[in-house]
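These notes concern the structure reproduced below.
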Amino acid sequence: MSSVTVFASPRSWIESDAVEQCRHVAAFDGMVHVAGMPDLHPGKGAPIGAAMLSSVLYPHLVGSDIGCGIAVFPVALKRAVPEQLARRFPDLDRVPDDDDPAWDLVGRDVPEGHLDSIGTVGRGNHFVELARIQKVFDAEHAERIGLAGKDLVLIVHSGSRGLGEGILRSHTEHHGAGPAADPAGYLARHDAAVRWGSLNRRLIAARTMRALGARYAEPVVDLSHNLVEIRDGRYLHRKGAAPGDDRDVLIAGTRGTPSYLVAAHAGPEANWSVAHGAGRKMSRADALRRGKAKHTVEELRRTPVGSVVVCDDRKLLFEEAPTAYKRIEQVVADLTEHKLATPIAETVPLVTYKTVNRGRS
304 MSSVTVFASP RSWIESDAVE QCRHVAAFDG MVHVAGMPDL HPGKGAPIGA
354 AMLSSVLYPH LVGSDIGCGI AVFPVALKRA VPEQLARRFP DLDRVPDDDD
404 PAWDLVGRDV PEGHLDSIGT VGRGNHFVEL ARIQKVFDAE HAERIGLAGK
454 DLVLIVHSGS RGLGEGILRS HTEHHGAGPA ADPAGYLARH DAAVRWGSLN
504 RRLIAARTMR ALGARYAEPV VDLSHNLVEI RDGRYLHRKG AAPGDDRDVL
554 IAGTRGTPSY LVAAHAGPEA NWSVAHGAGR KMSRADALRR GKAKHTVEEL
604 RRTPVGSVVV CDDRKLLFEE APTAYKRIEQ VVADLTEHKL ATPIAETVPL
654 VTYKTVNRGR S
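Here it is as structure tokens:
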């Protein structure tokens, strides 16, 4: 069995099932090292919040949302009133029309020509968020990437939608959870899905900024946290783990808590990776059951930090409640303590988009 290291302190909430999944993966043929991040939690057949280095390529360790990631875009607005801006968000559940001006900003070179769901966010933990930089911990680093205190940013968390799902399905229909029979063939489609996810985040941002009355700007951060990277001739699988080798990474909190921009400097012991977010601490079913007993829908559309949530899916509101996630502050503290990352800035949400409000005027 290969080695397993979980980069979390005793103060962190790490489920034993997630650690057991790491040990299970460590026993795979060719596996070299499994690194669990402080947002580690159980997934379907493989841990989420883990980076797994192997001489064998296993598509199911990346999962179906290949290329899922987070991008951060600078936003220039004169006034930012959450209630007003929430009403201006476009319908990001709908593919943009061919004549949508957003296409001119990001280009029309769509990987694999896959137009289904392009420019849309998706469900689950995906979101688009207008946030304000509330605290700056490293002003010099923030300035280098063009950010400062009180600036606004648009955070987009989305992936390859049905394209990645189709790629994994075509593998599992023939090989189940086994290794890729044709690694080069899988990687060619995988790489297209990663590019598709990046384009999707840019298209979502272009649509949103235009609706908010802001000029589109290229992202200062755009990293996938579901992908395979070839590293020293081996396959580094990341599932809910961001590249952490001298990268700037946005580690997402929840719609009711801060997120953190960090300078990542993880080495081989962490498989050159860092956490990608707060990480779930309860299942969607548990979050739905407990949430309905504690909160009303209207309470969940206004967060403890005063931000507004755009979401017409009541079930999703409960499933994605801030209480369903681990404490983002502890996740970042663990990364800092283990010398995997250094905080640059803290962002606080103003408006978080999950799905369009169909009944809005």
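Under the numbering used here, the first residue of the sequence shown carries the number 304, and numbering increases by one thereafter. Virtual Cβ for every residue (Gly too), placed ideally from N, Cα, C.
C-beta contact flag for V375 and D525 at 9 Å: yes
Does Y489 come out as helix, strand or coil in the three-state DSSP assignment? helix
What is the DSSP secondary structure of P482, counted as helix, strand or coil? coil
Pull the bridge partners of G580 from the DSSP assignment, please. A555
What's the call for D400, buried or exposed, on a 16-neighbour Cβ count within 10 Å? exposed
A566 versus H579 - alpha carbon distance: 13 Å
Residue range of the unbroken beta strand (DSSP E) whose run includes H253: Nothing in the structure corresponds to residue 253, since the chain is present only between 304 and 664.
Closest Cα partner of A321 within the set D441, D342, H336: Checking every option, the nearest Cα to that of A321 belongs to D342.
Contiguous alpha helix (DSSP H) assignments of at least 4 residues, all confined to the region 372-445: 385-391, 405-409
Note down, in chain order, each residue of its chain lying with its Cβ closer than 7 Å to the Cβ of I470, except the 5 sequence neighbours on either side. I369, R492, H493, A496, listed in sequence order.
Can you name the residues that DSSP bridges to T655? E432, V612
Output the distance between the C-alpha atoms of T650 and K453, rounded to the nearest integer angstrom. 9 Å
Buried or exposed for L638, going by 16 or more other Cβ atoms inside 10 Å? buried
Are Y538 and V328 closer than 9 Å when you measure CB to CB? Not in contact: Y538 and V328 (Cβ atoms no closer than 9 Å).
Among all the DSSP beta bridges, which residues are the ones paired with I533? Y538
Buried or exposed, going by whether 16 or more other CB atoms sit within 10 Å of the CB of M340? buried
Report yes or no: do three or more beta-carbon pairs, one from the region 529-548 and one from the region 597-610, lie closer than 8 Å? Fewer than three beta-carbon pairs drawn from the region 529-548 and the region 597-610 are found closer than 8 Å, and the two stretches are therefore not classed as touching.
Could you tell me whether the region 405-412 touches the region 442-462, where touching means 3 or more Cβ pairs closer than 8 Å? no
Cβ-based burial, R518 [other Cβ within 10 Å; buried from 16]: exposed
Is the region 412-421 close to the region 496-513, with three or more CB pairs under 8 Å? yes
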